[in-house]
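Protein chains in written order, with my numbering: chain A, 194 to 602; chain B, 194 to 602; chain C, 194 to 602; chain D, 194 to 602.
Cβ atoms here follow ideal geometry from the backbone N, Cα and C, with glycine treated the same way.
Treat the numbers as computed from the prediction; the structure is a model and nothing was measured.
Protein chains: 4
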Amino acid sequence: MNKTKIFNDPIYGFIEVPHPLLFNLLNHPYFQRLRRIRQLGMTHLVYPGALHTRFQHAIGAAHLAHTAVETLRIKGHAISAEEELGVCAAVLLHDIGHGPFSHALEKVLIKGVHHEKLSEIFMSALNEEFGGSLSMAIDIFRNTHPKRFLHQMVSSQLDMDRLDYLNRDSFFCGVSEGIISSERIIKMLDMTDDKLVIESKGIYSVENFIFARRLMYWQVYLHKTVIAAENMLINILLRARELSGLGNNLPGTPDFLFFLQHTFSASEFAENPELLKRFSSLDDYDVFASIKMWMSHADPVLARLCTNFVNRNLCKTLIQNTPFSPEQENEFRTRAIKTLGITASESAYFVFSGELENKAYNPSGDKINILFKDGRVEEIAEASDYLNSALLSKQVKKYFLCYPRELVS
Amino acid sequence: MNKTKIFNDPIYGFIEVPHPLLFNLLNHPYFQRLRRIRQLGMTHLVYPGALHTRFQHAIGAAHLAHTAVETLRIKGHAISAEEELGVCAAVLLHDIGHGPFSHALEKVLIKGVHHEKLSEIFMSALNEEFGGSLSMAIDIFRNTHPKRFLHQMVSSQLDMDRLDYLNRDSFFCGVSEGIISSERIIKMLDMTDDKLVIESKGIYSVENFIFARRLMYWQVYLHKTVIAAENMLINILLRARELSGLGNNLPGTPDFLFFLQHTFSASEFAENPELLKRFSSLDDYDVFASIKMWMSHADPVLARLCTNFVNRNLCKTLIQNTPFSPEQENEFRTRAIKTLGITASESAYFVFSGELENKAYNPSGDKINILFKDGRVEEIAEASDYLNSALLSKQVKKYFLCYPRELVS
Amino acid sequence: MNKTKIFNDPIYGFIEVPHPLLFNLLNHPYFQRLRRIRQLGMTHLVYPGALHTRFQHAIGAAHLAHTAVETLRIKGHAISAEEELGVCAAVLLHDIGHGPFSHALEKVLIKGVHHEKLSEIFMSALNEEFGGSLSMAIDIFRNTHPKRFLHQMVSSQLDMDRLDYLNRDSFFCGVSEGIISSERIIKMLDMTDDKLVIESKGIYSVENFIFARRLMYWQVYLHKTVIAAENMLINILLRARELSGLGNNLPGTPDFLFFLQHTFSASEFAENPELLKRFSSLDDYDVFASIKMWMSHADPVLARLCTNFVNRNLCKTLIQNTPFSPEQENEFRTRAIKTLGITASESAYFVFSGELENKAYNPSGDKINILFKDGRVEEIAEASDYLNSALLSKQVKKYFLCYPRELVS
Amino acid sequence: MNKTKIFNDPIYGFIEVPHPLLFNLLNHPYFQRLRRIRQLGMTHLVYPGALHTRFQHAIGAAHLAHTAVETLRIKGHAISAEEELGVCAAVLLHDIGHGPFSHALEKVLIKGVHHEKLSEIFMSALNEEFGGSLSMAIDIFRNTHPKRFLHQMVSSQLDMDRLDYLNRDSFFCGVSEGIISSERIIKMLDMTDDKLVIESKGIYSVENFIFARRLMYWQVYLHKTVIAAENMLINILLRARELSGLGNNLPGTPDFLFFLQHTFSASEFAENPELLKRFSSLDDYDVFASIKMWMSHADPVLARLCTNFVNRNLCKTLIQNTPFSPEQENEFRTRAIKTLGITASESAYFVFSGELENKAYNPSGDKINILFKDGRVEEIAEASDYLNSALLSKQVKKYFLCYPRELVS
């Protein structure tokens with residue numbers, strides 16, 4: 194047993210990589226780059242411990258997949274060695290298409306190319322490199338493999354992704370309330386009619402999972418300071434792209450500038466290996482190092498946005514249950530124009546609003562099913578005496594309005 | 194109470210910032226930059242969770258200082274509000290002089306300027322900015338304050354720095370064996386003759402602290418893969434500086450290139466506020482983003498070093514208790530010359546050796562003292578029935594030799 | 194500082210006892226007896242770690258009270274030193290009236306005397322012994338102290354009792370899903386109009402608290418095997434009392450037999466110090482040691498009940514959402530009569546049914562209130578976008594039916 | 194998969210019982226009784242959380258054995274299914290011979306019959322009951338099975354017993370310093386020449402294990418208040434036996450009185466199944482319930498000893514590195530005679546002295562061996578650069594003297 198095949202994970206203890214192919218995937222530069230992409234973007238500005246990366250998460254999720262396969266086998270469901278490897282690889286690579294600060298980037302830089310599509314393109318490229326050994330993983334990922342429940346491990350409302358990230362995010366943020374019992378949920382996993390189900394005695398753990406997810410949304414993922422930081426980043430990218438389009442010379446790392454100056458479609462990524470490779474070299478370092486260079490840029494808008502962002506002089510954020518009126522937003526914009534000496538159109542970079550949505554569980558999506566002892570299967574919304582469809586389908590929306598702190602003394 | 198004055202810390206739970214001055218120091222860009230400097234450099238290549246920053250550590254250590262002051266007061270030692278603020282500020286800022294990847298940088302970029310000296314210079318600059326309110330903190334830091342035990346909280350063999358980082362590093366690495374009971378040690382703190390002492394019933398906790406520190410050295414800080422990565426980084430910087438000195442045009446972030454191309458003394462930092470400010474803008478992002486740009490540099494040595502480093506194709510490291518013979522090293526260099534097609538002098542960038550030293554406790558330094566119930570004070574090496582001077586003063590040295598994996602198939 | 198004034202608590206780390214009176218209360222035999230009364234009765238038959246005692250819980254809750262007082266003071270609410278001591282003592286002693294296996298005992302042995310009433314009687318007795326120094330604690334406990342919010346710390350839907358036991362029970366059971374952030378909830382505590390309120394940014398922690406409490410009910414407190422064990426214990430006591438009333442000579446510890454043979458009212462306890470003292474000598478050891486003696490009793494019903502109980506041959510339990518029909522129960526009783534060779538009336542000791550009620554939050558009780566930034570106060574059921582009155586007032590009931598395993602082969 | 198075959202363990206999470214035989218052993222009354230025997234006797238008087246039982250420990254140790262077998266198999270060592278079951282059963286039952294408060298009991302009640310001998314006798318009895326299916330387990334336990342390394346898992350200086358109890362005791366006491374990485378040590382297990390060895394990269398974990406064990410001795414197992422309580426218990430038993438021998442009628446539980454009044458040899462236990470069964474009914478409840486009855490016994494010595502013990506009015510304990518002189522002890526005895534109104538011989542029950550021995554590692558015993566990459570095997574004392582034979586063989590002794598608190602005002 195080679196020592197480098199074991200990872201020390203603060204969540205699960207020791208994780209063994211159970212197959213040489215997985216180990217080789219892990220060592221590929223496409224995967225190693227995930228070490229340089231934080232799972233939660235700028236959340237560490239609020240929860241200083243939230244520095245964990247997509248690398249750790251992907252390994253953790255694959256570890257859970259391995260455990261889930263073992264549980265299902267004990268319960269009598271045949272899963273071949275090849276299928277086991279396929280589902281573990283699919284889970285390991287499910288997020289490989291993420292770029293740095295994905296949410297921001299997907300809105301500006303690689304508009305319209307979703308990270309899941311990119312994950313698939315990366316998997317195809319790796320499959321070629323690894324002589325076709327990822328074909329089954331790709332089938333499972335695309336849900337074209339006949340055993341559909343394997344795909345559910347990769348992507349569903351109770352997939353290995355969520356089972357890992359909720360605990361991992363809770364742990365590194367220090368938010369004990371987001372803790373779920375992934376171990377218990379996985380021990381309760383079963384399969385019926387080609388669908389993953391949870392034994393009925395695990396129902397409270399599933400309820401807790403949905404509830405914890407919702408709490409993490411409000412407390413962490415949609416925390417108002419996180420929202421402010423993320424939108425400031427988007428505005429920095431928009432301004433940079435605008436300046437660049439106007440012919441301004443921007444400093445920055447070459448890969449980042451390249452994607453700032455060009456737009457590509459998913460099919461271009463799929464057909465052009467060089468483009469994919471170039472994308473694969475992008476990480477948090479490119480984005481942040483470039484933004485730091487822009488702190489002293491000649492454009493006062495870009496310079497101010499970047500300086501505020503880097504020094505954590507973040508916008509003040511108001512949150513309420515109804516949309517902010519245009520008047521409210523305009524009042525702040527007028528103040529920004531006066532105070533900061535900027536134009537009306539520039540003021541949109543500093544004062545902005547939007548909506549937040551918390552969908553802990555989507556009853557119209559792929560359901561979480563509960564298996565009762567008598568063989569009945571019910572969706573969690575029916576089976577639970579606490580959660581119900583009305584509650585679960587209530588898509589809680591909130592609205593935010595951000596403005597620079599210097600506008601209010 | 195303003196919410197931003199509380200931090201969620203995975204180690205201690207909630208940390209309250211107990212004074213507005215400390216809060217203002219925290220918000221200063223000089224301090225915020227510590228968010229972008231990892232505590233353990235490239236250790237995360239071995240322990241993927243080791244991504245925590247000097248920002249978190251500094252706040253944690255200041256929190257412990259606050260607790261220690263409370264304990265000492267309960268035991269009847271007068272500490273004024275001003276002194277409390279002074280020692281907390283001194284602990285908070287004790288590491289502010291660290292640059293990114295300090296160990297590597299101090300050997301190449303800011304040669305001869307120790308980070309403690311830089312911390313002092315930063316503190317002076319901040320003192321000016323904050324109207325002299327850091328004068329007592331500086332006195333305590335420099336050990337010119339009459340109450341010497343306050344300085345011992347900032348810097349000694351049982352200071353708040355060590356009490357925080359051992360647990361924090363253990364936690365994020367997932368190495369449970371490095372856990373110490375900082376809480377218990379602090380509860381056992383007392384003071385006599387202007388010196389910090391530990392009540393005798395805390396002696397096992399102190400032994401455990403020394404032992405855990407030693408374990409963390411071998412298992413984490415001097416782990417052979419960490420040694421390989423750190424030295425590869427040093428060699429990258431050396432090669433870049435060499436190329437730059439030869440007139441090569443290197444891409445990179447401006448601040449990083451500036452320090453790569455110039456050398457400054459401590460007094461230049463002290464006298465030139467602009468220089469200090471420039472240094473303050475350096476962080477992990479500059480170093481890593483620049484190294485990524487060098488992966489495709491025309492110089493094959495630099496390009497190879499950087500590519501191996503970024504893709505975690507790290508050197509193989511041998512460790513033994515005696516120095517490696519020049520013959521052994523030469524054999525690897527010869528192989529490197531042949532295999533990599535490089536010159537003899539270039540081979541030193543790829544094959545290199547050195548020594549490691551583990552000094553968990555230095556009996557010739559500032560001693561850890563134990564206070565017995567009868568009032569006697571004894572140094573830990575005398576007081577312990579397990580540790581003793583011979584053992585403690587044994588400076589365990591080991592020797593390493595690194596070479597590229599591609600040399601051995 | 195006396196070392197015995199610090200407790201090592203697996204939940205909070207070190208707990209310091211902040212006042213000599215509290216320390217003296219702790220050392221009183223009335224309080225020390227709580228060391229011999231488990232918090233969760235026979236729950237350890239399902240969760241083997243659930244061996245923690247009322248002693249630990251009472252100290253933990255008093256520790257939280259101390260923290261809560263500090264938080265409220267920081268927020269500007271005056272609480273005198275005497276009031277602080279009063280509320281801490283009241284919380285420390287709130288459960289002192291509990292006997293061993295309270296739920297079972299209250300149904301059989303000290304029928305009609307609620308443990309809260311007994312706590313009050315104990316407090317009065319201690320007040321006499323401690324020269325009146327508990328008068329304010331008693332006022333707070335009885336809610337006759339003018340500051341009503343102090344009573345809410347002792348007894349309300351978000352009191353220190355619940356904030357401690359949820360985490361403590363989760364910890365010792367190993368049920369991570371019951372974890373709440375007591376620390377965060379207490380940091381969010383405020384007071385308005387003489388009522389405890391929670392700052393609005395703590396709303397998710399309160400929701401999580403209600404949800405975790407509900408989960409602990411189903412998963413732990415009302416776990417079907419726990420229900421079986423608890424009801425078997427009740428039946429043992431009933432049978433023993435029945436036999437004793439018929440003049441049978443029962444072995445057992447003298448204190449336990451005394452209460453088995455007599456019934457007392459609350460006022461008898463209040464007026465007769467000797468009776469109180471006698472009650473105070475009862476603990477888990479009396480009950481269990483006596484039951485062990487009864488394993489070989491001449492009465493086959495008692496002997497079988499006790500043998501099954503001691504050797505953990507527990508009843509099989511069915512649980513459903515509607516009451517079991519008399520027919521179902523009768524069928525099992527008939528089988529019991531035949532299989533065990535007992536009479537119809539004896540069969541009720543072996544086959545029994547009942548209802549379970551999970552009331553995580555009672556909207557008709559003392560409300561949990563949320564304080565918004567604009568000064569508004571709303572009940573949690575209104576303030577939450579997730580919980581609502583309909584949901585919260587839904588008193589989920591389930592029904593159980595227990596029968597001996599040997600009835601079904 | 195039957196749900197009752199999974200245990201929720203606060204240390205390891207979920208423990209699955211991997212074989213029906215083990216499950217049946219678990220359910221046997223001989224094993225269930227371990228639920229009523231605390232692992233650490235009266236230690237909970239110092240560390241209130243230390244209430245865990247031999248039941249939990251035995252299951253935990255068997256779980257580690259199962260993991261160790263898996264690790265050894267991965268490293269290429271053949272272990273048959275029968276051997277796996279044998280070693281797991283042997284570990285599960287290794288402590289089944291323990292009575293309540295073993296240390297005290299073995300000195301008074303079952304003098305000269307060591308708990309390991311009793312474990313073997315219990316195993317033989319169970320083997321008969323389970324149709325010979327424990328024969329291999331017994332061979333492994335007795336070290337008569339040809340594969341000696343299997344016995345080392347059951348009993349050696351790095352056996353599953355120690356690997357479990359160090360962490361378990363640390364956890365429940367809340368003494369974080371005793372934490373070891375059992376998981377890591379087991380992953381580093383290997384076998385060579387029929388001996389368990391630890392891979393050299395695990396050397397620091399082994400050092401940490403020895404060091405943590407030593408710390409737990411001083412901090413917990415030999416804590417002076419624990420020593421006081423344990424010796425008071427021994428004196429209570431001695432006095433009770435003395436009174437009983439003089440024909441006094443003592444109340445108490447029948448099983449406990451039986452063993453108080455008779456003495457048996459190991460061979461009597463082996464030959465008399467009824468005697469073994471009687472012993473098996475003894476647990477903490479018998480001892481403590483009886484002691485409580487004796488609080489009001491006519492003999493003032495017994496009554497005082499028991500009252501002090503139950504109400505935690507424990508002796509004051511002095512500890513020093515040299516034996517206490519007879520004069521010192523006599524001085525306290527004289528005071529006791531005067532103050533308590535007792536005879537000289539009775540004073541020995543109240544004032545007593547003894548020695549404590551901390552043997553974290555015994556270099557003359559079964560050695561812990563380290564396996565180096567070149568195949569060399571060295572004992573830990575040689576292989577370690579920190580521990581050495583001189584240090585390890587130093588049998589640290591301390592001496593204690595206990596006297597009633599009321600002697601010194």
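(message) Using a 10 Å radius around the Cβ and a threshold of 16 neighbouring Cβ atoms, would you call P293 of chain B buried or exposed?
(response) Buried, by the Cβ-count rule.
(request) Could you please give me the residues that DSSP links to N201 of chain B through a beta bridge? (result) Beta-bridge annotation (DSSP): N201 of chain B is paired with B:F207.
(request) Measure the C-alpha to C-alpha separation of A274 of chain C and V589 of chain B and round it to an integer number of angstroms. (result) If I take the Cα positions, the gap works out to 55 Å.
(request) Could you check what DSSP says for V368 of chain D in three-state terms: helix, strand or coil? (result) The answer is coil: DSSP assigns V368 of chain D none of H, G, I, E or B.
(request) Answer with buried or exposed for S489 of chain C, where buried requires no fewer than 16 other C-beta atoms within 10 angstroms of its C-beta. (result) S489 of chain C is exposed by the Cβ-count criterion.
(message) Between P597 of chain C and chain D, is the shortest Cβ-Cβ distance under 8 Å, so that the two count as touching?
(response) It does not; no Cβ of chain D falls within 8 Å.
(request) Between the Cα of T264 of chain D and those of D:F565, D:N201, D:E392 and D:F545, spot the shortest distance and give me the residue it belongs to. (result) It is D:E392 whose Cα lies nearest to the Cα of T264 of chain D.
(message) I believe Y592 of chain B touches Q521 of chain B by the beta-carbon criterion, under 8 Å. Please report the beta-carbon distance rounded to the nearest angstrom.
(response) With a contact defined as Cβ atoms closer than 8 Å, Y592 of chain B and Q521 of chain B miss out at about 10 Å.
(message) Considering Cα atoms alone, identify which of D:N523, D:N506 and D:P516 is closest to A421 of chain D.
(response) The shortest C-alpha separation from A421 of chain D is found at D:N506.
(request) May I have the straight-line CA-CA distance separating N555 of chain D from F315 of chain D, to the nearest angstrom? (result) Each residue's alpha carbon lies about 28 Å from the other.
(message) Please report the distance separating the alpha-carbon of N329 of chain A from that of E467 of chain A.
(response) It should be noted that the sequence gives Met, not Asn, for residue 329 of chain A. Roughly 25 Å separates the two Cα atoms.
(request) Hey, could you find the ends of the alpha helix (DSSP H) Q521 of chain C is sitting in? (result) Residue range P519 to L533 is occupied by the alpha helix (DSSP H) that includes Q521 of chain C.
(message) At the level of alpha carbons, what is the spacing between E370 of chain A and G367 of chain C?
(response) Roughly 15 Å separates the two Cα atoms.
(message) Within a Cβ cutoff of 8 Å, which residues of the same chain sit near Q412 of chain D, ignoring the five residues on either side of it in sequence?
(response) Hits under 8 Å: V368, E370 and G371.
(message) Quick check: is the beta carbon of R407 of chain B nearer than 8 Å to any beta carbon in chain F?
(response) No chain F appears in the structure shown, which is made up of the protein chains A, B, C and D.
(request) Compare the Cα-Cα distances from K340 of chain D to each of D:E277, D:D288, D:L351 and D:S375 and report the closest residue. (result) Comparing Cα positions, the closest option is D:E277.
(request) Flag this pair as touching only if the region 196-207 of chain D and the region 471-491 of chain C have three or more C-beta atom pairs under 8 Å; answer yes or no. (result) No, the region 196-207 of chain D is not in contact with the region 471-491 of chain C.
(message) So, with DSSP's three-state summary, where would you put T446 of chain D?
(response) For T446 of chain D, the three-state secondary structure derived from DSSP is coil.
(message) Distance check for L238 of chain C and A251 of chain C, CA to CA, integer angstroms please.
(response) When rounded, the distance between both Cα atoms is 23 Å.
(request) Under 8 Å by Cβ, that's how I've got D202 of chain C and G242 of chain D pegged, so tell me the actual separation to the nearest angstrom. (result) Here D202 of chain C really is in contact with G242 of chain D; their C-beta atoms are around 7 Å apart, less than 8 Å.
(message) If I measure Cβ to Cβ from F543 of chain D and keep anything under 6 Å in the same chain, skipping five residues before and after, which residues do I get?
(response) Cβ-Cβ distances below 6 Å link F543 of chain D to A529 and P597 in the same chain, with the five nearest sequence neighbours on each side left out; the list follows chain order.
(message) Can you tell me where the beta strand (DSSP E) holding S546 of chain B begins and where it ends?
(response) From DSSP, the beta strand (DSSP E) with S546 of chain B extends over F545 to N551.
(request) State whether the region 252-261 of chain C contacts the region 281-289 of chain C, with contact taken as three or more CB pairs (one from each stretch) at a distance under 8 Å. (result) Contact between the region 252-261 of chain C and the region 281-289 of chain C is present, with at least three C-beta pairs closer than 8 Å.
(request) Could you check how far apart the C-beta atoms of E423 of chain D and H296 of chain D are, in whole angstroms? I think they sit under 8 Å. (result) Sure, about 6 Å apart at Cβ, within 8 Å.
(request) Could you tell me which chain A residues have their CB closer than 8 Å to the CB of E263 of chain D, listed as they occur along the chain? (result) Simply none; closest approach about 11 Å.
(request) Output, in chain order, the set of chain B residues within a Cβ distance shorter than 8 Å of Y397 of chain D. (result) Neighbours of Y397 of chain D on chain B, chain order: E370, L408, W411 and Q412.
(request) Determine the chain C residues that contact F207 of chain B at a beta-carbon separation under 8 Å, and present them in chain order. (result) Simply E376, R377 and K380.
(message) Please tell me whether V589 of chain B has its Cβ less than 8 Å away from any Cβ of chain D.
(response) Closer than 8 Å to some Cβ of chain D, the Cβ of V589 of chain B qualifies, so yes.
(request) Rank D:L585, D:I204 and D:R569 by C-alpha distance to the C-alpha of I376 of chain D and give the top, closest one. (result) Checking the sequence, you will find Glu at residue 376 of chain D rather than Ile. Out of D:L585, D:I204 and D:R569, D:I204 has the C-alpha closest to the C-alpha of E376 of chain D.
(message) So, at 7 Å on beta carbons, what are the nonlocal neighbours of F364 of chain D in its own chain, with the 5 sequence-adjacent residues on each side left out?
(response) Taking F364 of chain D as the centre and dropping the five residues before and after it, the same chain places the C-beta of P203 and I204 closer than 7 Å to its C-beta, in chain order.
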